[in-house]
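Have a look at the structure below, then the notes.
2 protein chains.
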Amino acid sequence: MTAGLRSGEVAERAGLNIQTLRYYERRGLLAEPGRSPGGHRLYPPDTVTLLGVIKAAQRLGFTLDEVADLLRTGGRRHPGRDLRRRAEDKIAEIDAKIADLTTIRGALAEVVEARCDSLTDCTCADCPIPFLTISTRRPAGEGEPA
Amino acid sequence: MTAGLRSGEVAERAGLNIQTLRYYERRGLLAEPGRSPGGHRLYPPDTVTLLGVIKAAQRLGFTLDEVADLLRTGGRRHPGRDLRRRAEDKIAEIDAKIADLTTIRGALAEVVEARCDSLTDCTCADCPIPFLTISTRRPAGEGEPA
DNA sequence: TTGCATCCGGTACCTGGGTACGGGCTTACC
DNA sequence: GGTAAGCCCGTACCCAGGTACCGGATGCAA
Chain G
1 MTAGLRSGEV AERAGLNIQT LRYYERRGLL AEPGRSPGGH RLYPPDTVTL LGVIKAAQRL
61 GFTLDEVADL LRTGGRRHPG RDLRRRAEDK IAEIDAKIAD LTTIRGALAE VVEARCDSLT
121 DCTCADCPIP FLTISTRRPA GEGEPA
Chain S
1 MTAGLRSGEV AERAGLNIQT LRYYERRGLL AEPGRSPGGH RLYPPDTVTL LGVIKAAQRL
61 GFTLDEVADL LRTGGRRHPG RDLRRRAEDK IAEIDAKIAD LTTIRGALAE VVEARCDSLT
121 DCTCADCPIP FLTISTRRPA GEGEPA
């Protein structure tokens, strides 16, 4: 038995702090690790990798709950099906996000090229800053009645 | 003098609530509007448009402080220069985000197609889920010493 | 066995972006 | 001029995602 890493080591290698590890544990993102006889956590080494995955997923717009879900789903009886559905949903969301970002990128590029002097009252004649176009769309992945 | 819109009207047209208007005022995103004799806010009509701009910018990854900054900058002595620099910086950030999203999109697509059964320990042989690649990059627009 | 770095659990606090509540004044309309 | 919306301000609260602090227990090495 190779004992495992203590929380400080994991935290350092993963680039986050110990409280965050415990926080993730509470949130169900990290399984409860083994313990030393005295009660100190001993993490399996691939925890560091897992934390990388979590951080990556999170940075890309998954909430912690979603990530937890995604991870749990992966390890269950129902192998692909559920994961696949979530993946499909998320792809749609991501596409919407990319579209928005692309639009805004274009707008910003025009700001740069056309030498706009303001986002709201640009004095350039040909300055179709598309913030407004974007702003009329609902945020990606949200639906609202009424 | 056409009096202007009251906060309730502005809020409704912009699709947010009155407290948020006041919150934006506190945060410097909205200039203090005029007041009725009795102290009620009277907004110039283009406030609604401005709020659209704010919401759009915000949804696309600008924080409220950045938006406030951006708006303030637009109205100043130094017309384009500053705005342009910010725009350029933001473009770089956006490109990074798009790249990440595109990567993750591809990963998810593979999950769907290849019938992966887990994000972390997929048992498919040819399953190069790139979360880890992404995870080793710094989040867009951040730098860290040490 | 002493001593210092680490870790423990619990609780409190922080930032960002809002939202809600309460008591009291204004506006608008009949 | 009565009365119901609507708005005022201040303060408190909410959620997500962490982070900090505390007193006490462990780990490990000399």
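For the record, the sequence lines run as chains G and S. Numbering (the numbering used here) for the first sequence: 1 to 146. Numbering (the numbering used here) for the second sequence: 1 to 146. Backbone N, C-alpha and C fix where the C-beta goes; we use that ideal spot for every residue, glycine too.
- Apart from the 5 residues on each side of it in sequence, S/Ala3 sits with its Cβ closer than 7 Å to the Cβ of Leu42 in its chain, given in chain order.
- In the displayed model, G/Gly34 falls within a strand according to three-state DSSP.
- For S/Ala56, the nearest beta carbon of chain G is closer than 9 Å to its own beta carbon.
- For S/Leu16, there is no enclosing alpha helix (DSSP H), as DSSP marks it with neither H nor E.
- In the structure shown, the three-state DSSP call for S/Arg27 is coil.
- For G/Phe62, the closest of G/Lys90, G/Pro45 and G/Arg85 by C-alpha to C-alpha distance is G/Lys90.
- G/Leu70 and G/Gly28 have their C-alpha atoms roughly 11 Å apart.
- Non-local C-beta neighbours of S/Glu110 in its own chain, meaning closer than 6 Å and more than five positions away in sequence, are absent.
- Between G/Pro44 and G/Leu5, the gap from beta carbon to beta carbon is short of 9 Å.
- Against S/Ala3, chain G offers no close residue; the least beta-carbon distance is about 22 Å (beta-carbon pairs closer than 8 Å).
- Contact residues of the stretch 83-110 of chain S toward chain G are Leu83, Arg84, Ala87, Glu88, Lys90, Ile91, Ile94, Asp95, Lys97, Ile98, Asp100, Leu101, Thr102, Ile104, Arg105, Leu108 and Ala109 (C-beta to C-beta distance below 8 Å).
- Taking a beta-carbon distance threshold of 9 Å, G/Arg6 does not count as an interface residue toward chain S.
- Only residues of its own chain outside the window of five on either side were considered, and among them Leu5, Val10, Arg13 and Ala14 have a CB closer than 8 Å to the CB of S/Val48, listed in chain order.
- Here S/Arg84 is buried: its Cβ has 16 or more other Cβ atoms, across all protein chains shown, within 10 Å.
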